[in-house]
Amino acid sequence: MVSVTAANLNYIGSVTIDEDLMDAANLIENEKVHVLNLNNGERLETYVIKGKRGSGDICLNGAAARKVIPGDVVIIMSYALFEFQEAKSFKPTVIFPDTKTNKLI
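In this note's numbering, the protein residues as written are 100 to 204.
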C-alpha cells in the first residue's frame, strides 16, 4: 500500500512510481498494473512509468487522475502468466512502504 502524491489530468495515462519502489516491487516501466483505491473503492488498469528515484512519488495520470486524490491509499498489483508447475513455486514480491512517505521501511 502506498499513498497517492499527485493526480495529473493533463497527461496521456499511466501511474508514475518512484523508481526505488519499482525496484523493490520488481515492476518494470510500461508494465500493466491494477490500482485499487482503498479510500473510495475505485479500481483501474494502467501502466507504469518511472518516477524520480527516492521521491516517494505515486502519481495517477490522465483519466486515472479522476479516480484518486492526493493522500488516498492505493494498492498497486501486477500479474504474470506461468505454466502450472512454475506457478506452484512462484513467490510474489510484496512491499509495504510507509504510507505517509512512501519510503521503504
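For every residue, glycine included, the Cβ atom is placed at its ideal position computed from N, Cα and C.
In this text the structure is predicted, and so the values were computed from the model without any measurement.
Taking one beta carbon from each stretch, the segment 183-191 and the segment 107-114 have fewer than 3 pairs nearer than 8 angstroms; the two do not touch. Straight across, the Cα-Cα distance linking Asn109 with Val132 is about 20 angstroms.
Here Glu144 is bridged, per DSSP, to His133.
Straight-line spacing of the CA atoms in Tyr178 and Lys166 works out to 21 angstroms. A Cβ-Cβ contact shorter than 8 angstroms links Thr200 with Gly155.
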